[in-house]
Amino acid sequence: RGWAALGGLLLLAGCAPRVTLDPPVGTPPADFSGTAMPGPGGPVSIRQNEWPNLTWWRIFEDPQLESLILEALARNNTLTIAVQQVEVARALVRESRAGLLPQATLAPTVAWSRISNNGPALPGTQGKLLDAYALPVTLSYEFDFWNKNKLALESAQAFAAAGEQDWRTLYIEIVSSVATTYFNIATTLAELRITERTLAVFVDNLKFIQRQYDVGVASALDLQRAKAQVSVTQAILPDLERQAQQFQHQLAVLLGRNPGEAVEVRPLDATRAPAELPGGVPSGLLQRRPDIRAEQDRLRATAARVGVARALFFPDITLSLSAGATSISTGSLFLPGSFAMDFLASAAVPLFRGGALEANFDANVAAYRQEVAVYQQTVLTAFQETADAISQVEERTIERDRLRQAVTDQDGAYQLANRAYRAGVSSYLDVLDAERTLLVAQLAHAAVEGQRLIAMISLYKSLGGGWDASDGQPVPVSSR
């Protein structure tokens, strides 16, 4: 009869739904050589274990930047929140692992009861007060025939792994944000210094023209143009100062400081960065990106959850053993004759749940397919970000070199125009035009150099910021 009953249970469980979970599709390019930059001696090949590394920011040779990055990693509140989220996920893994182990319960019981005179009772017990004492230990074990608990554990482990990768993604984001904001400050301060130096030149020219005007050599139009140039240049300074302050506030918050605290930044021209980066970036480097690895882990987690949802259609088979002492008095509770034991084998079969199991299964299948789409989009975005960053570095490097030459040429033109005007062989309009063009070229050169450095940061970020799945880098554990 027992075998027949078991067969019946399995027959009922055969109604469990089946589904095919399709893996992600799409073939990424082998590398980014189509947009890569040539090195000094032609294309430079790189191995996946060489570039970038976890301390990539040292390419800038800026001790102040490194100090600020380390401070942010130690004090940033968002990073601390992510560490706690990892701790939650790890605790849930330990909770899920318990489902694979036997459970033991100690349930001491004390009962006092009065037997009714008129109700059913054993002979001689009507109207009496009875005591009952029990000290049982119950052992139970659920046979995981359908891998429900095993798959639940696998899902929890995969979600915990995804949480660790999320922490690494945030780590890269914090480092990149600190470096980007740092160079935004340096760029703005460079533009501010250029404008102040240019203003000093304009003021000096205004004084010269004022003296010339006073003796009747310079015209009123030249004097008015010189005053206007000084006023226009003075109007630029407040906006640059405001931008520098805002970037300072942003950096202070990233460091876990109050926004009002000033942060020291080295001059932009003191930064040492490689003129070019290696070409032929292998697409395999993108496997270092924690966001891609996190989505791979979530794929595993949601696939395991589909298995858990399907296992719920099958019977739960449990063995229970309860043993202990039972007596009507405390004096005899621990005597050999008070020992009692129960053994129970049970199978709980879900016959009707109003469609809840089917809905739960369909929801988990949809969640898996959603995660497939998220993973594929994450990979596409990663390739786009990397290709864009490589292109940005290349274009900004070319633009920087051209603007550097433009500044040199325009400075020469300004010197010639100024000398010619002071010698009386040229109009002040030529000087004014040369001054404005030189200022524009100098500001553009500073801005493009800052953009080039930030593009390099974006490239390192797009390649996973130096993380490698094989390096064993742990996620920090919070103190308890």
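When we follow the numbering used here, the leftmost residue of the sequence shown carries the number 41, and every step to the right adds one.
Cβ atoms here follow ideal geometry from the backbone N, Cα and C, with glycine treated the same way.
Since we're looking at a predicted model, the values are computed, not measured.
Can you have a look at residue i and say buried or exposed, based on whether 16 or more other CB atoms are within 10 angstroms of its CB?
i: Pro-57; result: exposed
i: Gly-371; result: exposed
i: Trp-186; result: buried
i: Thr-443; result: The sequence given here places Leu at residue 443; Thr does not occur at that position. So Leu-443 ends up on the buried side.
i: Asp-441; result: exposed
i: Ala-266; result: buried
i: Pro-278; result: exposed
i: Trp-96; result: buried
i: Gly-504; result: buried
i: Leu-499; result: buried
i: Ala-495; result: buried
i: Gly-35; result: What is shown of the chain runs 41 to 520, which leaves residue 35 out entirely.
i: Ser-502; result: buried
i: Leu-478; result: buried
i: Ser-136; result: buried
i: Phe-72; result: Residue placement at Phe-72 is poorly supported in this model, since its pLDDT is 49, which falls under 50; the coordinates are not used for a value here.
i: Thr-448; result: exposed
i: Gln-264; result: exposed
i: Phe-543; result: Any question about residue 543 goes unanswered here, given that the chain covers just 41 to 520.
i: Arg-134; result: exposed
i: Trp-207; result: buried
i: Val-465; result: exposed
Please state the DSSP three-state secondary structure of residue i.
i: Ala-76; result: Any reading at Ala-76 needs caution, since the residue's pLDDT is 38, under 50, leaving its predicted position unreliable; the model's value is listed next. Here Ala-76 sits in coil by DSSP.
i: Phe-359; result: Going by the sequence as given, residue 359 is Leu instead of Phe. Strand, per DSSP.
i: Gly-364; result: strand
i: Pro-390; result: coil
i: Phe-383; result: strand
i: Leu-193; result: helix
i: Arg-492; result: helix
i: Phe-183; result: strand
i: Pro-299; result: coil
i: Ala-579; result: Examination of residue 579 is not possible in this model, given that the chain is present from 41 through 520 alone.
i: Leu-263; result: helix
i: Arg-154; result: strand
i: Leu-503; result: coil
i: Leu-373; result: coil
i: Leu-352; result: coil
i: Leu-169; result: strand
i: Gly-82; result: Low local confidence applies: a pLDDT of 34 at Gly-82 is under 50, so the model's placement there is unreliable, and no value is given.
i: Pro-307; result: coil
i: Arg-329; result: coil
i: Val-465; result: coil
i: Arg-98; result: helix
i: Leu-61; result: coil
i: Gly-347; result: helix
i: Ala-112; result: helix
i: Ala-313; result: coil
i: Asn-93; result: coil
So residue i packs on residue j, CB below 8 Å; how close in whole Å?
i: Gln-521; j: Thr-221; result: Missing from the structure shown is residue 521; the chain here goes from 41 to 520 and no further.
i: Asp-262; j: Tyr-468; result: 4 Å
i: Ala-144; j: Leu-179; result: 5 Å
i: Ala-363; j: Tyr-408; result: That belief does not hold up - the Cβ atoms of Ala-363 and Tyr-408 are roughly 44 Å apart, past 8 Å.
i: Thr-238; j: Thr-273; result: 6 Å
i: Leu-345; j: Ser-156; result: Rather than Leu, the amino acid found at residue 345 in this sequence is Arg. Rounded, the Cβ-Cβ distance is 53 Å, inconsistent with contact.
i: Asn-116; j: Leu-294; result: 6 Å
i: Ile-497; j: Ala-219; result: 5 Å
i: Ala-313; j: Leu-493; result: 6 Å
i: Ala-174; j: Thr-209; result: Contact doesn't hold; Cβ gap of about 55 Å is too wide.
i: Glu-281; j: Ala-292; result: With a Cβ gap of about 16 Å, Glu-281 and Ala-292 do not count as contacting.
i: Lys-188; j: Val-405; result: Between Val-405 and Lys-188 the Cβ distance is about 16 Å, and since that is not below 8 Å, they are no contact.
i: Leu-191; j: Gly-506; result: That belief does not hold up - the Cβ atoms of Leu-191 and Gly-506 are roughly 34 Å apart, past 8 Å.
i: Ser-153; j: Leu-140; result: Ser-153 to Leu-140, Cβ: 40 Å. No contact.
i: Asn-224; j: Gly-490; result: 7 Å
Return no unless some Cβ of chain B is closer than 8 Å to the Cβ of residue i.
i: Ala-258; result: Here there is only one protein chain, and chain B is not present.
In chain order, which beta strand (DSSP E) runs of at least 3 residues are fully inside the stretch 116–152? 143–146
Answer yes if the stretch 324–342 comes into contact with the stretch 251–263, meaning at least three C-beta pairs across the two stretches below 8 Å, and no otherwise. no
Contact between the stretch 336–343 and the stretch 196–213: three or more CB pairs below 8 Å? Short answer: they touch.
Count the CB pairs spanning the stretch 367–381 and the stretch 422–430 that are closer than 8 Å, and state whether there are at least three. no
Pair every Cβ in the stretch 462–482 with every Cβ in the stretch 204–214, then say whether three or more of these pairs are closer than 8 Å. no
Does the stretch 413–420 touch the stretch 481–492, meaning 3 or more C-beta pairs lie closer than 8 Å? Contact between the stretch 481–492 and the stretch 413–420 is absent, because fewer than three Cβ pairs lie under 8 Å.
Taking 8 Å as the threshold, find out whether the stretch 300–310 comes into contact with the stretch 125–134 through three or more Cβ pairs. no
Completely contained beta strand (DSSP E) runs for the stretch 225–270, where each covers 3 or more residues: none
So does the stretch 268–283 actually touch the stretch 224–240, counting three or more Cβ pairs closer than 8 Å? The stretch 268–283 makes contact with the stretch 224–240, as at least three CB pairs between them are under 8 Å.
Within 8 Å, do at least three Cβ pairs link the stretch 388–405 to the stretch 345–364? yes
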